[in-house]
Amino acid sequence: MYKLLALNIDGTLLKQNGKLEKKTKEAIDFVKKKDVYITLLTSRNFLSAKKVAKALKLDSYLVTFQGALVAKSLEEKLYESVIPAQKTFDIVHVLEHFNCNVRLLHERYSIGNRKKIKNNMIAKTILGDPFFYPAQFVDSLSDVLRDDPIDVMKIDVFYSNEDECDEIVETIEGAFPDVSLSVSDGKIELLPKNVSKLNGLIRLGNELGISLKEMVVIGDHLDDMPAIEAAGLGVAMGNAPKEVKAIADWVTRSNEQLGVAYMIKEHFRKQHRPQFLRQIRTIEKK
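Counting from 211, one number per residue, gives the positions in the sequence shown under our numbering.
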């Protein structure tokens, strides 16, 4: 009996063109009728994830910013963790010595430098709807932060080559041991210590009284791996890298082939609502 379904957004729920298909929406509605709690598990900012949740008619807590913010709204937060303003400034000051693109993600907006580098990941990154999540670009992030310090949920660093990536990682890990760091898809993500998608899911589970073994996690990114591996049923998308597929309990179809809808039909159609099962047990006892 699975009580919670956690879904990554990009590469999982959405097709490559960013579209949310009708069959996927119908599958989510089907799971909701089974009294399964559905959440989104994403590196996206909260406001962007909330738009997807609204399209799915979800009013649940969402695990966003890689787990740095678990919330129903920016006013109703279950958990949040930030990189403090002074540390953000210090990290930016170090990063500006490299030829990289830096984006600071606040809960309500992002600020990035205008440095141009060759990195395909930058073009694929969701900046968000400017009406909901404004994105500003400046010549010098450190100058802006000196005048207007901010706490941030996450720092994204886009590097131009692997040698630079290794040098950035080594420098940041040596100078800021209390910051979490992950690398995937041409991007380095800097997060508050002990923040991850898995830890965000654990915090949500503790609030709801749902254990990891009672959860289904579906994802396609390297940063989904710990949650997929820890869940009662960990599912990798068909478009996921081989490392993700290797640790999953089950591999579904790709996002282009509506793998989420396919998985739900295969695994949740036999699961009954808890209330129905209680009624059956009561009848059997009689």
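By construction, the Cβ of each residue, glycine as well, lies at the ideal position given by its N, Cα and C atoms. It should be emphasised that the depicted structure is a prediction, and the values quoted were computed from it without experimental measurement.
Do you know whose CA, among the options, lies nearest residue i's CA?
i	options	result
residue 475	240, 215, 221, 213	240
residue 413	262, 292, 288, 368	288
residue 405	233, 422, 252	252
residue 303	270, 272, 347, 355	355
residue 459	447, 467, 468	447
residue 352	375, 387, 314, 386	314
Would you kindly report the start and end of the unbroken alpha helix (DSSP H) that includes residue i?
i	result
residue 472	469-477
residue 241	232-242
residue 416	407-418
How would you write the range of the beta strand (DSSP E) that residue i sits in, first residue to last?
i	result
residue 323	320-323
residue 353	Per DSSP, residue 353 belongs to no beta strand (DSSP E); it is in the alpha helix (DSSP H), 351-357.
residue 285	Run containing residue 285: none; DSSP gives neither H nor E here.
residue 443	443-446
residue 256	Residue 256 -> not in any beta strand (DSSP E); alpha helix (DSSP H) instead, spanning 256-265.
residue 348	345-348
For residue i, collect the residues of the same chain with a Cβ closer than 7 Å to its Cβ; drop the 5 residues on either side in sequence, then sort them by chain order.
i	result
residue 487	In this prediction, residue 487 scores a pLDDT of 37, lower than 50, which makes its location untrustworthy; no coordinate-derived value is stated.
residue 317	256, 279, 284, 363
residue 392	399, 433
Name the one or two DSSP bridge partners that residue i has.
i	result
residue 296	For residue 296, which the question treats as bridged, DSSP gives no partner whatsoever.
residue 402	389
residue 274	279
residue 368	311, 397
residue 425	214
residue 249	216
Counting only the same chain and skipping the five closest in sequence on each side, list residues whose C-beta sits under 8 Å from that of residue i.
i	result
residue 230	223, 224, 262, 265, 266
residue 378	305, 308, 310, 367, 369, 398
residue 389	293, 297, 301, 382, 400, 401, 402, 403
residue 394	431, 432, 433
To which residues of the same chain is residue i closer than 6 Å at the C-beta, ignoring the five residues directly before and after it?
i	result
residue 472	462, 463
residue 384	none
residue 290	279
residue 410	273, 277, 280
residue 238	266
Is it right to say residue i is buried, meaning 16 or more other beta carbons lie within 10 angstroms of its own, or is it exposed?
i	result
residue 221	buried
residue 465	buried
residue 296	exposed
residue 275	buried
residue 348	exposed
residue 493	Legend: pLDDT at residue 493 = 46, less than 50; position of this residue unreliable, no value from coordinates given.
residue 213	buried
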